[in-house]
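Peer 1: Here the working numbering is used: the first residue of the sequence shown is 116, the next is one more, and so on.
Ideal placement from N, C-alpha and C gives every residue a C-beta, glycine not left out.
On a predicted model such as this, the values are computed, not experimentally measured, just so you know.
Dropping a structure here in structure tokens format, bear with me for questions.
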Amino acid sequence: MDPTSPLSASRRAILGVGATLLAAAPAVGATPKSGGSETDAMRILERYAGFGDKAAGGPGDIACGAWIEDELKALGYACERQPFDVPAYEGTAPTLSLEGGVTATLIPQAIVEPTRAVSGRLFVPKRGEGEIALLVLPYARWSTAKGEIEKRVNAATEAGARAVILVTTGPTGEALALNTPVDKPLFRVPVAVLAPREADPFVEAAAKGATAIFKMPGRSFRRPAFNVTATLTRGAAKTLVISTPRSGWFGCVGERGSGLAAWLLLVAWAAKAKLPVNLALVATSGHEYEYAGGEQFIEHLAPKPADTALWVHLGANVAARDWHERGTQLAPLPSADPQRYLLASPPLVDACKAAFAGQPGLEQTYAADPKAAAGELASILRAGYDPVMGIFGGHRFHHARNDDLRCVSAPLIPPVADAFAKVIEQAIRRG
Numbered sequence: 116m117d118p119t120s121p122l123s124a125s126r127r128a129i130l131g132v133g134a135t136l137l138a139a140a141p142a143v144g145a146t147p148k149s150g151g152s153e154t155d156a157m158r159i160l161e162r163y164a165g166f167g168d169k170a171a172g173g174p175g176d177i178a179c180g181a182w183i184e185d186e187l188k189a190l191g192y193a194c195e196r197q198p199f200d201v202p203a204y205e206g207t208a209p210t211l212s213l214e215g216g217v218t219a220t221l222i223p224q225a226i227v228e229p230t231r232a233v234s235g236r237l238f239v240p241k242r243g244e245g246e247i248a249l250l251v252l253p254y255a256r257w258s259t260a261k262g263e264i265e266k267r268v269n270a271a272t273e274a275g276a277r278a279v280i281l282v283t284t285g286p287t288g289e290a291l292a293l294n295t296p297v298d299k300p301l302f303r304v305p306v307a308v309l310a311p312r313e314a315d316p317f318v319e320a321a322a323k324g325a326t327a328i329f330k331m332p333g334r335s336f337r338r339p340a341f342n343v344t345a346t347l348t349r350g351a352a353k354t355l356v357i358s359t360p361r362s363g364w365f366g367c368v369g370e371r372g373s374g375l376a377a378w379l380l381l382v383a384w385a386a387k388a389k390l391p392v393n394l395a396l397v398a399t400s401g402h403e404y405e406y407a408g409g410e411q412f413i414e415h416l417a418p419k420p421a422d423t424a425l426w427v428h429l430g431a432n433v434a435a436r437d438w439h440e441r442g443t444q445l446a447p448l449p450s451a452d453p454q455r456y457l458l459a460s461p462p463l464v465d466a467c468k469a470a471f472a473g474q475p476g477l478e479q480t481y482a483a484d485p486k487a488a489a490g491e492l493a494s495i496l497r498a499g500y501d502p503v504m505g506i507f508g509g510h511r512f513h514h515a516r517n518d519d520l521r522c523v524s525a526p527l528i529p530p531v532a533d534a535f536a537k538v539i540e541q542a543i544r545r546g
């Protein structure tokens, strides 16, 4: 790869509170028999990264969907788009400003409630009063506005806040976009996200009750999106379903791209494996909106549970790289981030443990349970599908603008696809 290209120049970027990303080292991994090659994985990762932001229904998401269709058609699958609509925001990025010229650019919290300006005292709930609440969240890999964040925002609103600024404290020091429901705003007031690395002057200002101005003047609207669905009919009584999300906040190369790459390698194998089942595939959009595309597929197009031989889901952080954390520095490792979870129906647990042995995080297989799952995998389990196996997780740059090619390594992808292929073959042929 050309070291001067935009895709690799970001290796030298600065992240976090002075956190430096050191040059990424190549990951080590064997080329498996069934899961495709490292060359195939790198081609997919680079192509996915090249589409830029993958917000549901946006240009990158639409172009990515069209490309996936071409890939699947070349493998012999019949493709069909499943349309639905999603929220969107465009225009000027929101800002938070203090008297004296300090201004930070924020991430708008969907579903966005645009506001020309909210001016008033900046305050920390339970420590003061004012009009703009500053919520500094505890250290975590934040991904959704529901649950804990929702409680904190609602409490700030009840305390009189007319706007809320979230600080997503975490390993990168970056502002993190947060998932939200698809149908209506989660909050009664406008909310946006501030990067922890830029938060200090605002925390100091909030302690003094200083005046701040919050602006989020863009346009909030809805736009069309679509799932890519595909089938390969073999006249069998039951169907193997293989799913993955494709949309996400920003470039989402580690979050989405690693799973999409493994998914494409796996469905290429499935097309040639001559398994005694039909094949149904889906690459969903709308993931950021509480898995809207997955819900649409389950409700309207997925085969019924009784007609499904097995459902395999490749969710977030399938094979993103891990990083050493040394103070404020992050140094890339050749291994995968272990903050990924493999769940499987009880009859598949032993086979999964054997197939995924040695893969960080995935070597521990958990019994499938909708209460323990996240993302689309939880929706699949709640809908009654069994047997099921799938991965979900969150790497360090999950939902950050910097989730780019630095966060992945091609050798980490084929072993995941290969392990899934081994378990699928055992489950289908013995089922």
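Can you say whether Tyr254 is buried or exposed, counting buried as having 16 or more other CB atoms within 10 angstroms of its CB?
Peer 2: If you number the sequence shown from 1, residue 254 lands on position 139. Counting Cβ neighbours within 10 Å, Tyr254 comes out exposed, since fewer than 16 surround it.
Peer 1: How close, in whole Å, do the beta carbons of Tyr204 and Pro223 come, if the pair is a contact with beta carbons under 8 Å?
Peer 2: By one-based count along the sequence shown, residue 204 stands at place 89. By one-based count along the sequence shown, residue 223 stands at place 108. With a Cβ gap of about 5 Å, Tyr204 and Pro223 count as contacting.
Peer 1: Find out if the Cβ-Cβ distance for the pair Thr287, Arg521 is shorter than 9 Å.
Peer 2: The residue given as residue 287 occupies position 172 in the sequence shown. The residue given as residue 521 occupies position 406 in the sequence shown. No, these two residues do not count as a Cβ contact at 9 Å.
Peer 1: Would you list the residues sitting across from Gln444 in a DSSP beta bridge?
Peer 2: Here residue 444 corresponds to residue number 329 of the sequence shown, with the count starting at 1. Its beta-bridge partners are Arg441.
Peer 1: So, with DSSP's three-state summary, where would you put Phe317?
Peer 2: Here the question's residue 317 lines up with position 202 in the sequence shown. In the structure shown, Phe317 sits in a helix (DSSP, three-state: H, G or I).
Peer 1: I believe Phe317 touches Leu211 by the beta-carbon criterion, under 8 Å. Please report the beta-carbon distance rounded to the nearest angstrom.
Peer 2: Residue numbering aside, residue 317 sits at position 202 when the sequence shown is read from its first letter. Residue numbering aside, residue 211 sits at position 96 when the sequence shown is read from its first letter. The Cβ separation is near 7 Å, so the contact holds.
Peer 1: Select from Pro360, Ala385 and Ala424 the residue whose C-alpha is nearest the C-alpha of Ala398.
Peer 2: On the sequence shown, position 283 is the one that residue 398 refers to. When only C-alpha atoms are compared, the closest one is Pro360.
Peer 1: Could you check what DSSP says for Arg126 in three-state terms: helix, strand or coil?
Peer 2: Here residue 126 refers to the residue found at position 11 of the sequence shown. Residue confidence for Arg126 is low, a pLDDT of 27 falling below 50, so the modelled location carries little weight and cannot support an answer.
Peer 1: Find out if the Cβ-Cβ distance for the pair Val239, Val279 is shorter than 9 Å.
Peer 2: Taking the sequence shown and counting its residues from 1, the one referred to as residue 239 is at position 124. Taking the sequence shown and counting its residues from 1, the one referred to as residue 279 is at position 164. Their beta carbons are not under 9 Å apart, which means Val239 does not touch Val279 by this criterion.
Peer 1: Secondary structure at Ile226, three-state DSSP: helix, strand or coil?
Peer 2: The residue given as residue 226 occupies position 111 in the sequence shown. Reduced to three states, the DSSP call for Ile226 is coil.
Peer 1: Give the straight-line distance between the Cα atoms of Pro502 and Ala487, rounded to the nearest whole angstrom.
Peer 2: Residue numbering aside, residue 502 sits at position 387 when the sequence shown is read from its first letter. Residue numbering aside, residue 487 sits at position 372 when the sequence shown is read from its first letter. Pro502 and Ala487: Cα-Cα distance of roughly 16 Å.
Peer 1: With the cut-off set at 9 Å, would you say Val251 and Val282 are in Cβ contact?
Peer 2: Residue mapping note: residue 251 aligns to position 136 of the sequence shown, counting from 1. Residue mapping note: residue 282 aligns to position 167 of the sequence shown, counting from 1. In this structure, Val282 lies closer than 9 Å to Val251 by Cβ.
Peer 1: Report the rounded CA-to-CA distance for Ala542 versus Ile506, giving the unit in angstroms.
Peer 2: As a first step, residue 542 is located in the sequence shown; it is residue number 427 there, counting from the start. As a first step, residue 506 is located in the sequence shown; it is residue number 391 there, counting from the start. Approximately 17 Å between the Cα atoms of the pair.
Peer 1: Going straight from the alpha carbon of Lys188 to that of Arg441, what length do you get?
Peer 2: Looking up residue 188 in the sequence shown gives position 73. Looking up residue 441 in the sequence shown gives position 326. Spanning the two alpha carbons is a distance of roughly 46 Å.
Peer 1: Taking the beta strand (DSSP E) that Ala248 falls in, what are its first and last residues?
Peer 2: Within the sequence shown, residue 248 is the residue found at index 133, counting from 1. Where Ala248 is concerned, the enclosing beta strand (DSSP E) stretches over Ile247 to Val251.
Peer 1: Bridge partners of His428, per DSSP?
Peer 2: Residue 428 sits at position 313 when you count from the first residue of the sequence shown. Per DSSP, Ser358 and Gly505.
Peer 1: Any idea if Ala290 is buried or exposed, counting beta-carbon neighbours within 10 angstroms, 16 or more meaning buried?
Peer 2: Locating residue 290 in the sequence shown gives position 175, counting from the first residue. Ala290 comes out buried.
Peer 1: Among the residues of its own chain, which have a CB less than 7 Å from the CB of Leu347, if the five just before and after it don't count?
Peer 2: The residue labelled residue 347 in the question sits at position 232 within the sequence shown. These residues qualify, in order along the chain: Gly191, Tyr192, Ala386, Asn393 and Leu394.
Peer 1: Less than 9 Å between the beta carbons of Arg436 and Gly369, yes or no?
Peer 2: Taking the sequence shown and counting its residues from 1, one reaches residue 436 at position 321. Taking the sequence shown and counting its residues from 1, one reaches residue 369 at position 254. It is a contact, given that the beta carbons lie within the stated cut-off.
Peer 1: Whose C-beta lies closer than 7 Å to the C-beta of Pro300 among residues of the same chain, with five residues either side of it excluded?
Peer 2: Reading the sequence shown from its first residue, position 185 is the one you call residue 300. So the qualifying residues of the chain are Ile226 and Glu228.
Peer 1: Cα separation between Ala536 and Gly333?
Peer 2: Residue numbering aside, residue 536 sits at position 421 when the sequence shown is read from its first letter. Residue numbering aside, residue 333 sits at position 218 when the sequence shown is read from its first letter. Their Cα atoms are separated by approximately 46 Å.
Peer 1: Have a look at Val356 and Gly401 and give me their C-alpha separation to the nearest angstrom.
Peer 2: Locating residue 356 in the sequence shown gives position 241, where the first residue counts as 1. Locating residue 401 in the sequence shown gives position 286, where the first residue counts as 1. The alpha-carbon atoms of Val356 and Gly401 are separated by roughly 19 Å.
Peer 1: With DSSP as the reference, please indicate the residues paired to Ile328 in a beta bridge.
Peer 2: For the purposes of this step, residue 328 is identified with residue 213 of the sequence shown, where counting begins at 1. Partner(s): Ser212 and Ser234.
Peer 1: Buried or exposed: which applies to Ala423, given that a residue is buried once 16 or more other Cβ atoms fall within 10 Å of its Cβ?
Peer 2: Translated into positions along the sequence shown, residue 423 becomes position 308. One point to set straight first is that residue 423 is Thr, not Ala, in the sequence displayed. Classification for Thr423: buried.
Peer 1: Return the bridge partner residues of Pro202 from the DSSP annotation.
Peer 2: Taking the first residue of the sequence shown as 1, we reach residue 202 at position 87. Paired residues: Arg337.
Peer 1: In this structure, what does DSSP give as the bridge partners for Glu195?
Peer 2: Taking the first residue of the sequence shown as position 1, residue 195 is located at position 80. Glu195 pairs with Thr344.
Peer 1: Taking the alpha carbon of Thr220 as the reference point, which residue from Met331, Asp168, Lys323 and Ala271 has its own alpha carbon closest?
Peer 2: Residue numbering aside, residue 220 sits at position 105 when the sequence shown is read from its first letter. Measuring from the Cα of Thr220, the nearest candidate turns out to be Met331.
Peer 1: So, with DSSP's three-state summary, where would you put Arg544?
Peer 2: Numbered from its first residue, the sequence shown carries residue 544 at position 429. Three-state DSSP puts Arg544 in a helix.
Peer 1: Is it true that the CB of Tyr500 sits closer than 9 Å to the CB of Trp438?
Peer 2: Translated into the one-based positions of the sequence shown, residue 438 becomes position 323. Translated into the one-based positions of the sequence shown, residue 500 becomes position 385. No, Cβ-Cβ distance for Trp438 and Tyr500 is not below 9 Å.
Peer 1: If you count every other CB in all the chains shown that lies within 10 Å of the CB of Glu404, and 16 or more means buried, which is it?
Peer 2: Reading the sequence shown from its first residue, position 289 is the one you call residue 404. Contrary to the premise, residue 404 reads as Tyr rather than Glu in this sequence. Label assigned to Tyr404: buried.
Peer 1: From the DSSP output, in three-state form, read off Pro240 for me.
Peer 2: Residue 240 sits at position 125 when you count from the first residue of the sequence shown. Here Pro240 sits in coil by DSSP.
Peer 1: Please classify His415 as buried or exposed, where buried requires at least 16 neighbouring CB atoms within 10 angstroms.
Peer 2: Translated into positions along the sequence shown, residue 415 becomes position 300. It is exposed - the Cβ of His415 has fewer than 16 other Cβ atoms within 10 Å.
Peer 1: Would you tell me roughly how many angstroms separate the C-alpha atoms of Ser373 and Gly509, rounded to the nearest one?
Peer 2: By one-based count along the sequence shown, residue 373 stands at place 258. By one-based count along the sequence shown, residue 509 stands at place 394. So the two alpha carbons sit approximately 12 Å from each other.
Peer 1: Pop quiz: Leu527 and Ala431 are said to be a contact at Cβ under 8 Å. What is the actual Cβ separation, rounded to whole angstroms?
Peer 2: Here residue 527 is taken as the residue at index 412 of the sequence shown, counted from 1. Here residue 431 is taken as the residue at index 316 of the sequence shown, counted from 1. About 15 Å; that fails the 8 Å criterion.
Peer 1: Relative to the C-alpha of Phe166, which residue among Ser152, Gly151 and Trp182 is closest?
Peer 2: For the purposes of this step, residue 166 is taken as residue 51 along the sequence shown, with counting starting at 1. Checked all of Ser152, Gly151 and Trp182; the closest Cα to Phe166 is Trp182.
Peer 1: Do the CB positions of Pro296 and Lys323 come within less than 9 Å of each other?
Peer 2: Translated into the one-based positions of the sequence shown, residue 296 becomes position 181. Translated into the one-based positions of the sequence shown, residue 323 becomes position 208. Cβ atoms of Pro296 and Lys323: not closer than 9 Å.
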